[in-house]
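**Student:**
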Amino acid sequence: MNLAVGYRFWRVDPDDAWTRGRLQSPVAETLWPPLETLEAECQTRPGLRLARAGLHRHDEQRISPEPSCSCGIYAYHDITPMTRALREEPYMFGGAVLCWGRIVIHPEGMRAQHARPLALCRPESPGVQLRTAALLAEVTREYAIPLLELRDLVAYASEFGASYKPEPAPPSRGGLDRVKDALSWRQIVRRIGKAFGG
Amino acid sequence: MGFTSKPVRVIEIPEPASEPLIAPEREPQRTEREEEAPVPTPA
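Protein sequence lines correspond, in order, to chains A and B.
Start counting the first sequence at 5; every next residue gets the next number (my numbering).
Start counting the second sequence at 26; every next residue gets the next number (my numbering).
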């Protein structure tokens, strides 16, 4: 079975001496360890931003991601939602990740048990490129991953694994179609007649 | 990041046996200085 490829974004804080040069999850604030695998851990305890009451009891025996919880390492199936997020914050960087272990698949992305970054992509804006060049060089050196143009990211990531994007669900059929499947025209006419007192 | 839709499937992908995750190292490029290094002349 192929490893799963996804796309996501990280924050890198250039002003924080402790986290500088490290990829940080924008929501859970998890630091991704360089050259090591990140393992998902459920942090949905009451009081945290991710908490969803009643969905997941914190239990040492449980593996994250739990399908009914919001925990796990997030990645999109496609690059489009990733690039949309990158336009919103200056020190948010996109890239590809490789995932394995338990994978909870959603229509728009997946939540994984284990993940490692595969590559980062160069920001599209020339101004952002200029401002973040040194920082990105530092990050890619730290994680021993390449810095690619956005247009090359998917092709590069595909060398390492596969997408598990689910097939889109077929369009839901109208009520009349379902009735026609279940009943013959004669039955339909008889029922309509009865409904109107005939 | 967050998903608004419900999960559709759960799969288990085994841990990779080898380390295929780090980009292959490139051959070190020779610098201009190395190329221009003088060839020692025989004594």
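Idealized CB from N, CA, C, for every residue including glycine.
Using only the alpha-carbon positions, how far apart do residue 199/A and residue 29/B sit?
**Tutor:** When rounded, the distance between both Cα atoms is 41 Å.
**Student:** Note down, in chain order, each residue of its chain lying with its Cβ closer than 6 Å to the Cβ of residue 119/A, except the 5 sequence neighbours on either side.
**Tutor:** Excluding positions up to five away in sequence, the list reads 42, 77, 101, 103.
**Student:** Quick one: does residue 5/A have its CB under 8 Å from some CB of chain B?
**Tutor:** Interface residue, yes.
**Student:** Report whether the distance from the Cβ of residue 197/A to the nearest heavy atom of the ligand ATP is below 7 Å.
**Tutor:** This structure simply doesn't include the ligand ATP, nor any ligand for that matter.
**Student:** Once the 5 residues before and after residue 139/A are set aside, which same chain residues still bring their CB inside 7 Å of it?
**Tutor:** Hits under 7 Å: 16, 18.
**Student:** Name the DSSP bridge partner or partners of residue 97/A?
**Tutor:** In DSSP, residue 97/A forms a bridge with 14/A.
**Student:** Report buried or exposed for residue 70/A, applying the criterion of at least 16 other Cβ atoms within 10 angstroms of its Cβ.
**Tutor:** Buried is the call here.
**Student:** On a Cα-Cα basis, can you pick out the residue from 14/A, 197/A, 193/A, 45/A that is closest to residue 115/A?
**Tutor:** For the residues 14/A, 197/A, 193/A, 45/A, the minimum Cα distance to residue 115/A belongs to 45/A.
**Student:** Run through the DSSP bridge pairs and tell me what residue 118/A is partnered with.
**Tutor:** BP columns for residue 118/A point to 43/A, 104/A.
**Student:** Could you tell me how far apart the beta carbons of residue 83/A and residue 32/B are, in whole angstroms, since I believe they sit closer than 8 Å?
**Tutor:** No, residue 83/A and residue 32/B are not in contact; Cβ-Cβ is about 21 Å, not under 8 Å.
**Student:** Spatial neighbours of residue 30/A within its chain, please: CB distance less than 6 Å, with the 5 preceding and 5 following residues excluded, ordered by chain position.
**Tutor:** Same-chain partners within the cutoff: 15.
**Student:** Quick one: is residue 58/A buried, meaning 16 or more other Cβ sit within 10 Å of its Cβ, or exposed?
**Tutor:** For residue 58/A, the pLDDT reaches just 42, beneath the cut-off of 50, and the residue's location in the model is therefore unreliable, although a value from the coordinates is still provided. That one is exposed.
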